[in-house]
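Per the numbering used here: the sequence shown = residues 622 to 1060. The beta carbon of each residue, even a glycine, is placed where N, CA and C say it ideally should be. Let me begin by presenting the structure, written as structure tokens, before commenting on it.
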Amino acid sequence: MPDGSYTDNEMTYNEAIEFLYNSLPVFHNIGAGAYKPGLATSMALDDIFGNPHHRYPTIHIAGTNGKGSTAHTLAAILQRSGYRTGLYTSPHIFDFRERIRVNGHKISTEAVVDFVERWKKINTTHQLTPSFFELTSTMAFEYFANSKVDVAIIETGLGGRLDSTNIISPILSIITNISLDHTALLGDTLPQIAAEKAGIIKDGTPVVIGELHPETAPVFDKKAAESMASITYAAPVEGKHSGNGILYPDTPFGEIYGELAGDYQINNTATVIAAVTELRKLGLNISDSAVREGFANVISDTHLQGRWMKIASAPLTICDTGHNCGGWEYIVKQLDDFSTGAVHLITGFVNDKDISTILHLISSIKTPLQLYFSSPSVARGLKAEELAAKAAKAGLQGKVIDDVNAALAEASSVAHPDNDMILIAGSNFLMADLKIEGQ
622 MPDGSYTDNE MTYNEAIEFL YNSLPVFHNI GAGAYKPGLA TSMALDDIFG
672 NPHHRYPTIH IAGTNGKGST AHTLAAILQR SGYRTGLYTS PHIFDFRERI
722 RVNGHKISTE AVVDFVERWK KINTTHQLTP SFFELTSTMA FEYFANSKVD
772 VAIIETGLGG RLDSTNIISP ILSIITNISL DHTALLGDTL PQIAAEKAGI
822 IKDGTPVVIG ELHPETAPVF DKKAAESMAS ITYAAPVEGK HSGNGILYPD
872 TPFGEIYGEL AGDYQINNTA TVIAAVTELR KLGLNISDSA VREGFANVIS
922 DTHLQGRWMK IASAPLTICD TGHNCGGWEY IVKQLDDFST GAVHLITGFV
972 NDKDISTILH LISSIKTPLQ LYFSSPSVAR GLKAEELAAK AAKAGLQGKV
1022 IDDVNAALAE ASSVAHPDND MILIAGSNFL MADLKIEGQ
């Protein structure tokens, strides 16, 4: 259903968003309390709305880090191949509608309002109590069906086995990597977390694993064997920074220039290359040139944000959603490679995240460092003063500036415009508070 075809809505878009946030359990507000293990509600919602995801093929992506970048890059490649492509990711950074896109275009405000209004009327009969993620996943599945997509890329929200999206029957499953995150819900060892992520492996459906790790590979191999699913581990690729991106000189698709510049994108690129190879085997018509164009234009084609994203030049200012230890391992390495001047690091987290490892990683940074402690404005935001106290125990000192925009203004006023870097990194919700031109 094209944008603009919803004309009889009584509710405003802001009212619809308020309903979604305030009437349903929302993870970014209350954390684990919004996590509803089990698929019964998701399947009931799917039945109510006519099982919309059966009307197009899907690609399902799980993993601790890299899901979003992998999903967006695959979407750009499929778009460049001429496929009308749906993309469902989470969380959003600036606008709820970032979660649901068709060929890079956000779901319309009218479509959001229409869905919420219909749901409120429908549920007077059914009396279901879905979470925010369960209901918005259903919204995405229906929107893609109405938009007549050729294929949809679906990113899990949390875990895999019991994630709301795990009712789909994909043509390809992808698991990017495994590191410790959401341990209270998914387990506190890599094999336990891998077992949850492996839940997206389906009977007879090929699966691509982005990282070969001795602790997690046996978990994936066992699940794939039980499911009679072919399993492919992504082969490493060589990448080197070039201009504002990364150059991959030797791939099956020729030399690739990747627009996404974080060091961690090299692993994501290996995953995408393996996934495209599998999609070709499944009959999708994806040319070498479409792969190269997708990598080179992923930001403009899909509007991915917050991945080593440059927001100013003098001084160089980057923001990155480094919210767990796996992401920070790459961030620290990239900062240590930055040798022209000092790094002004603005960081903040939510209050139920174990950040001890992240703080230890920050304390290992060799580049001259000025720290600024801020707080995401969501209900779960860790207060800047509390973050500073935790950091002090790790031997870290810095300025406490609760508002990230005030911290950015302070850092910009003292950073050397030619030699220093400003990095805003931490919770997605800290990024969401940034006032960036054009957002």
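Can you pull the DSSP bridge partners for residue i?
| i | result |
| --- | --- |
| residue 946 | Answer is none; residue 946 lacks a bridge partner. |
| residue 776 | 682 |
| residue 722 | 708, 727 |
| residue 861 | 868 |
| residue 1020 | 993 |
| residue 966 | 992, 1044 |
| residue 937 | 934, 1042 |
| residue 642 | None, per the DSSP bridge assignment. |
| residue 733 | Answer is none; residue 733 lacks a bridge partner. |
| residue 1035 | Answer is none; residue 1035 lacks a bridge partner. |
| residue 820 | Beta-bridge pairing links residue 820 to no other residue. |
| residue 1002 | 971 |
How far does the alpha helix (DSSP H) with residue i in it reach, from first residue to last?
| i | result |
| --- | --- |
| residue 915 | 909-917 |
| residue 668 | 661-669 |
| residue 840 | 838-847 |
| residue 632 | Residue 632 -> no alpha helix (DSSP H), and no H or E assigned at all. |
| residue 764 | 753-767 |
| residue 833 | Segment: none, residue 833 is in no alpha helix (DSSP H) and carries neither H nor E. |
| residue 783 | Note, residue 783: premise wrong, no alpha helix (DSSP H); not H, not E. |
| residue 981 | 977-984 |
Shortest alpha-carbon distance to residue i belongs to which of the options?
| i | options | result |
| --- | --- | --- |
| residue 921 | 701, 1010, 841, 735 | 701 |
| residue 885 | 670, 946, 835 | 946 |
| residue 1055 | 896, 716, 663, 659 | 716 |
| residue 641 | 674, 754, 818, 821 | 754 |
| residue 1006 | 662, 1023, 1042, 1043 | 1023 |
| residue 894 | 907, 771, 883 | 907 |
| residue 1000 | 1012, 660, 970 | 970 |
| residue 923 | 683, 727, 682, 763 | 727 |
| residue 1037 | 763, 992, 937 | 937 |
| residue 903 | 675, 660, 680 | 680 |
| residue 694 | 916, 980, 822, 1020 | 916 |
| residue 810 | 1049, 740, 837, 823 | 837 |
| residue 985 | 957, 963, 964 | 957 |
| residue 699 | 768, 777, 939, 896 | 896 |
| residue 968 | 820, 991, 898 | 991 |
| residue 927 | 1018, 1046, 962, 977 | 1046 |
| residue 857 | 846, 840, 891 | 891 |
| residue 1016 | 1030, 1052, 978 | 978 |
| residue 980 | 962, 635, 943 | 943 |
| residue 949 | 883, 721, 707, 995 | 883 |
Please classify residue i: does DSSP put it in a helix, a strand, or coil?
| i | result |
| --- | --- |
| residue 886 | helix |
| residue 794 | strand |
| residue 1043 | strand |
| residue 1111 | This structure leaves residue 1111 out entirely; the chain is present only between 622 and 1060. |
| residue 853 | strand |
| residue 878 | strand |
| residue 927 | coil |
| residue 689 | helix |
| residue 893 | helix |
| residue 1055 | coil |
| residue 904 | coil |
| residue 971 | strand |
| residue 812 | helix |
| residue 1050 | helix |
| residue 749 | coil |
| residue 987 | coil |
| residue 788 | coil |
| residue 654 | The predicted model places residue 654 with a pLDDT of 44, which falls under 50 and marks its position as unreliable; any figure quoted below should be read in that light. If DSSP states are grouped into helix, strand and coil, residue 654 belongs with the helices. |
| residue 770 | coil |
| residue 873 | coil |
| residue 800 | coil |
| residue 743 | helix |
| residue 1015 | coil |
Need the endpoints of the beta strand (DSSP E) that residue i sits in, please.
| i | result |
| --- | --- |
| residue 828 | 828-830 |
Inset, instruction - Kindly confirm or deny that the region 823-836 and the region 845-857 touch, where touching means at least three C-beta pairs closer than 8 Å. - result: yes
Legend entry - Given 8 Å, three or more beta-carbon pairs between the region 947-956 and the region 720-733: no
Inset, instruction - Kindly confirm or deny that the region 933-942 and the region 855-874 touch, where touching means at least three C-beta pairs closer than 8 Å. - result: no
Inset, instruction - Count the CB pairs spanning the region 788-802 and the region 832-842 that are closer than 8 Å, and state whether there are at least three. - result: The region 788-802, when compared against the region 832-842, does touch it at the 8 Å Cβ threshold.
Inset, instruction - Decide yes or no for the touch test of the region 752-771 against the region 681-692: beta carbon pairs closer than 8 Å, at least 3 of them. - result: Counting C-beta pairs closer than 8 Å gives fewer than three between the region 752-771 and the region 681-692, which falls short of the contact rule.
Inset, instruction - Determine contact between the region 780-793 and the region 740-747, defined as no fewer than three beta-carbon pairs at a distance below 8 Å. - result: no
Inset, instruction - Report yes or no: do three or more beta-carbon pairs, one from the region 753-771 and one from the region 665-683, lie closer than 8 Å? - result: yes
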